[in-house]
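What follows is a single structure, written as structure tokens, with notes after it.
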Amino acid sequence: MISTSPATSGFACAALSPVAAPHDIPFPPTGETALMGRPARATVLDLYGESQTTTPVRDRWPVCPVSGDFLMRHLRTGEVTRGRCLDSSCYACVWPVALRVGGAIGLARPDRLITLTHVGRTWATIQSRMTYFRRVLTRRDLPLEYAWHVEPDPDPASPEHHVHLWSHGADPSRGDIAAAAIAASMGPVCDVRSVEVPTDGRIPTLAYGMKTCEPPHGLMSQLWPEAERYLAANGGRLVHPTRGFWRDLLGHPVNRMREAIRLARQAQGFGNWVPAT
22 MISTSPATSG FACAALSPVA APHDIPFPPT GETALMGRPA RATVLDLYGE
72 SQTTTPVRDR WPVCPVSGDF LMRHLRTGEV TRGRCLDSSC YACVWPVALR
122 VGGAIGLARP DRLITLTHVG RTWATIQSRM TYFRRVLTRR DLPLEYAWHV
172 EPDPDPASPE HHVHLWSHGA DPSRGDIAAA AIAASMGPVC DVRSVEVPTD
222 GRIPTLAYGM KTCEPPHGLM SQLWPEAERY LAANGGRLVH PTRGFWRDLL
272 GHPVNRMREA IRLARQAQGF GNWVPAT
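With the sequence shown counted from 1, adding 21 to any position gets you our numbering.
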């Protein structure tokens, strides 16, 4: 489980809980191994239906209306599951895709979780402010690589959203982040937390910023309001990485998110699925 510790100086905000799931459960006995040969493990959120066809968690995810009739088979275990179109606008696939993205974020081993407030309400405004925010950090010799999500305020009437940002690189204080946020016309209240990755070889799934994309139940037939608001606030995307953020298991840069997702799934024991014939 991911643990965080707040920074000790600068601006503060209400306590945040970036942990994606409250409990860990072991992989099936046939699960692949992760880093350094240790047994791979997954959180409840990781087991969304592609690792086992018999897990009760699988019943929570809707069947994909595009590819749900296609069956996929695991090359090594022979387990079978339904296919997915993996389009983030699909009500059945937005959460599985979010979990894949969260795995790629975990593979990058970020060491900071930064939260920015009052970032704006429209994607155009937020994108412009986040671009300027990065420019300010670079000018102040605080080079960061990060992946960020806009999380809409739970109150639809709220005029502002906030941003969760997973970073590695420089070690900014809350004061540094607040100053850059103010310069970019965002709120001065922010949060900077250290992220301690698992020491047992697991690759965590860091899907905290995308949590509103989890379906309320497995009988959904369209995107629910929270997911629609999330996608609208993020310009139709799940995550926004800066150059140099994605990494492989050894910490080497990975250029494309698709490749980072593939490597993360291999490390987590989710790979090797082929069409069932």
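Glycine included, each C-beta is placed from N, C-alpha and C at the ideal position.
Distance between A297 and F91, taken at the CA atoms: about 8 Å. For R279, no beta strand (DSSP E) run applies; the uninterrupted alpha helix (DSSP H) run containing it begins and ends at 278 to 289, by DSSP. For R160, no beta strand (DSSP E) run applies; the uninterrupted alpha helix (DSSP H) run containing it begins and ends at 144 to 160, by DSSP. Closest option to C114, judged by alpha-carbon separation, among L259, G222, I224: L259.
As the crow flies, the alpha-carbon of I224 is around 21 Å from that of R264. Its chain contains W245 as the residues whose beta carbon lies nearer than 8 Å to that of P237, once the 5 sequence neighbours on both sides are disregarded; these appear in chain order. Per DSSP, P219 is not a residue of any alpha helix (DSSP H), being assigned neither H nor E.
Between V118 and G99, the alpha-carbon positions lie close to 23 Å from each other.
The Cβ-Cβ distance between G141 and E181 falls below 8 Å. For W116, the CB contacts under 7 Å within the same chain, skipping 5 residues up- and downstream, are Y69, W82, C234, E235, P236 in chain order.
In this structure, G104 and R286 do not form a Cβ contact; the two beta carbons are roughly 15 Å apart against a cut-off of 8 Å. With respect to H261, W169 sits close: the two C-beta atoms are nearer than 8 Å. Closest in alpha carbon position to G127, among A248, T220, G239, is T220.
Bridge pairing for R103: L92 [DSSP].
Counting only the Cα atoms, A145 lies some 33 Å from V84. In the DSSP assignment, A168 falls within the unbroken beta strand (DSSP E) covering 165 to 172.
The DSSP-derived three-state label of R250 is helix. The DSSP-derived three-state label of P117 is helix.
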